[in-house]
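If you read the sequence shown in full-length UniProt numbering, its first letter stands for residue 1, the second for the next number, and so on. Just so you know, even glycine gets a beta-carbon here, dropped at the ideal spot from N, CA and C. Here the structure is a predicted model, which means the values were calculated and not measured. Comments concern the structure below.
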Amino acid sequence: MASCKSSIALNSTDRVGSSHPPRVSGEIHVIIGPMFAGKTTSLLRRIRSERNNGRNVAMIKSSKDTRYAIDSVVTHDGVKFPCWALPDLTSFRHNVGEDAYEKLDVIGIDEAQFFEDLYDFCCNAADNDGKTVILSGLDGDYLRRSFGSVLDIIPLADTVTKLTARCEVCGKKAFFTFRKTAATQTELIGGADLYMPVCRQHYVNGQTVVETSRIVLESTNIVHHQTTQLSCLEAAVLQSQ
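Following this line, the structure appears as structure tokens:
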């Protein structure tokens, strides 16, 4: 983060008295919410709108995400958009090429929580390179803790859109992502097979069921099965009403 701030200050100083007009500053727009809230759909809608308005666009996703396609961003209902699948954002400029990067107006980033260099990339792209960056990602993990660097971008953002899903148990607004397994690693990429959106009540009830299941597994010496999907969890959440 410090390197980004330093470069901004240096560039601002360099322009004083310069005969060259300053580069037009960019924008940063953040779309957050739980899984199945339509974040990717909203991102693609905005990217397509920018493209239809004659702006040059590019889409990036993490190469970790191979759920639906390798070289496309895909919504949960199957809508696709071609993208660069990269391990980090720093490599984007090199991969796309300097000339192509200079011509870009808008950069979309899907599943932004997977990029460790998200802050510096967004800061440099918008403040120094004049790009409009639109990103979507999870604001919290399955434990409702900050996920990756997405929340660090909010102080940089022009706009922040918080989307909600529908609780799979009761149909109320869902703000949280419930993991349907006893796995404990933060990054566990999956879809409806592993996760479901839930309201506050059913998140709390569901976490109680997961913790109870974990204790039972440990007490019976089958800890190695903790990553196996517990198909009874959804029913248990319903019964906890």
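Point to revise | For D117, the nearest candidate out of G140, S136, D88 and I134 (CA to CA) | key: By 1-based counting over the sequence shown, the position of residue 117 is 117. Here the closest residue by C-alpha is D88.
Practice item. Look at the alpha carbon of G17 and the alpha carbon of D120, and state the distance between them as a whole number of angstroms. Key: Taking the sequence shown and counting its residues from 1, the one referred to as residue 17 is at position 17. Taking the sequence shown and counting its residues from 1, the one referred to as residue 120 is at position 120. Per-residue confidence for G17 stands at a pLDDT of 48, beneath the threshold of 50, marking its modelled position as unreliable; the derived number appears in the next sentence. If you take the alpha carbons of G17 and D120, they lie about 27 angstroms apart.
Practice item. Give the DSSP-derived three-state secondary structure of C167 in the structure shown. Key: Within the sequence shown, the letter at position 167 stands for residue 167. Under the three-state reduction of DSSP, C167 is assigned to coil, being neither helix nor strand.
Check your understanding: Is the region 22 to 41 close to the region 147 to 161, with three or more CB pairs under 8 angstroms?
Key -> Touching, per the Cβ criterion.
Point to revise | Counted within 10 angstroms of its Cβ, other Cβ atoms place H94 as buried (16 or more) or exposed | key: Along the sequence shown, read from residue 1 onward, the residue named residue 94 stands at position 94. The Cβ neighbour count for H94, taken over all protein chains shown within 10 Å, is under 16; the residue is labelled exposed.
Check your understanding: According to the neighbour-count rule (16 or more other Cβ atoms, all chains shown, within 10 Å of its Cβ), is P82 buried or exposed?
Key -> In the sequence shown, counting from the first residue as 1, residue 82 sits at position 82. P82 should be labelled exposed.
Check your understanding: I189 to D77, Cα distance in whole Å?
Key -> The residue given as residue 189 occupies position 189 in the sequence shown. The residue given as residue 77 occupies position 77 in the sequence shown. Straight-line measurement puts the Cα of D77 at about 17 angstroms from the Cα of I189.
Check your understanding: Shortest alpha-carbon distance to S25 belongs to which of D129, K103 and A182?
Key -> Here residue 25 is taken as the residue at index 25 of the sequence shown, counted from 1. Measuring from the Cα of S25, the nearest candidate turns out to be D129.
**Study point:** Proximity below 8 angstroms, CB of D105 to CB of K131
**Key:** Start at 1 with the first residue of the sequence shown, and residue 105 comes out as number 105. Start at 1 with the first residue of the sequence shown, and residue 131 comes out as number 131. In this structure, D105 lies near K131, with their beta-carbon atoms less than 8 angstroms apart.
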